[in-house]
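Residue numbers (the working numbering): 2 to 283.
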């Protein structure tokens with residue numbers, strides 16, 4: 002006979018499993034960080050493990066990024082480059098009576114900061130949200146559960162192509178919008194501050210270094226993977242109907258922006274510490 006409790010009920014058998022305790026809201030970010038880390042590891046392993054069936058989906062996702070991000074990226078880069086380092090930066094340099102040195106500031110403004118930052122922001126805000134909303138809509142319609150029941154590897158089929166597409170297209174777009182940024186700075190230098198194109202190119206080339214372009218590529222390559230992991234994770238874990246998908250998209254954008262800011266600061270600090278010559282304007 003099972004022992005009765007003080008209230009007259011029957012005590013639960015000692016070997017009965019207890020339901021898991023809910024995670025406190027203050028610690029849910031730990032669960033999300035762990036989930037993103039696990040998803041990153043699974044994606045990297047699936048990307049190099051045969052069979053490589055993600056090729057067609059990879060091309061489709063690359064084209065999706067081009068369609069959605071090309072024009073916004075070009076417009077934002079041109080406007081910011083003309084206004085911030087071109088006019089505002091030129092005003093500061095003119096105050097110091099050295100308007101001919103704007104080309105040297107283009108390395109710091111465009112190659113190191115502006116082009117990479119705008120690239121990450123636009124890709125996250127346009128392509129990343131599209132990927133998150135697509136996966137989230139499939140999640141609430143239970144399409145992902147149906148694919149899993151059929152034995153489909155969701156990571157290899159859905160995550161790997163998006164992961165690689167964002168990583169590749171972010172790098173390609175980076176060199177395109179870096180060129181646009183430099184060109185519009187030079188146009189501002191010529192038209193607003195009445196300097197010569199030859200002077201801009203000369204001061205730009207005197208400050209151009211291999212570490213700058215190497216860190217530029219490493220930075221945006223990582224930006225693409227950060228955006229892909231965050232947006233895919235949020236899409237795969239969306240819940241609560243259409244409103245839940247909207248919340249997942251908003252959270253994915255905010256988290257991506259914050260991680261890009263932090264990672265950008267860390268990598269720039271590493272660049273300046275490892276190569277002190279990049280902090281000198283010549």
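Backbone N, C-alpha and C fix where the C-beta goes; we use that ideal spot for every residue, glycine too. None of the values given here were measured: they were computed from a predicted structure.
Query, Result
"Residue 38 beta carbon less than 8 Å from that of residue 104", "no"
"Coarse secondary structure for residue 148, derived from DSSP in three states", "helix"
"Contact check, residue 124 vs residue 70, beta carbons under 8 Å", "yes"
"Within 8 Å, strictly: CB atoms of residue 179 and residue 112", "yes"
"Cβ-based burial, residue 68 [other Cβ within 10 Å; buried from 16]", "exposed"
"Alpha carbon of residue 6 to alpha carbon of residue 32, nearest angstrom", "Because the pLDDT at residue 6 is just 46, under 50, the model does not fix this residue reliably, and the value given afterwards should be weighed accordingly. Cα to Cα, the separation comes out at about 37 Å."
"Stretch pair the stretch 152-163 + the stretch 253-263: three plus CB contacts closer than 8 Å", "no"
"Short Cβ contact (8 Å threshold) for residue 89 with residue 181", "no"
"Proximity to residue 230 [Cα-Cα], best of 254, 248, 208 and 243", "254"
"DSSP state of residue 36 mapped onto helix, strand, coil", "helix"
"Bounding residues of the alpha helix (DSSP H) (the contiguous stretch that carries residue 252)", "242-275"
"Residue 30, buried or exposed, once every other Cβ within 10 Å from all chains shown has been counted against 16", "exposed"
"Exposure of residue 65, with buried meaning 16 or more beta-carbon neighbours within 10 Å", "buried"
"Coarse secondary structure for residue 193, derived from DSSP in three states", "coil"
"Contact check, residue 74 vs residue 120, beta carbons under 8 Å", "yes"
"With 16 other Cβ atoms within 10 Å as the buried cut-off, status of residue 278", "exposed"
"Neighbourhood of residue 85 by C-beta, 8 Å cutoff - its chain only, sequence neighbours within 5 removed", "110 and 115"
"Residue 58 in three-state terms, based on DSSP", "helix"
"Beta carbon proximity, residue 53 to chain B, threshold 8 Å", "Absent here is chain B; the protein component of the structure consists of one chain."
"For residue 22, the three-state DSSP class (helix, strand or coil)", "coil"
"Residue from 195, 136, 35 and 190 with nearest C-alpha to residue 239", "136"
"Pairwise C-alpha distance: residue 210 and residue 216", "10 Å"
"Residue range of the alpha helix (DSSP H) that includes residue 212", "211-237"
"Boundaries (first-last residue) of the alpha helix (DSSP H) holding residue 204", "198-208"
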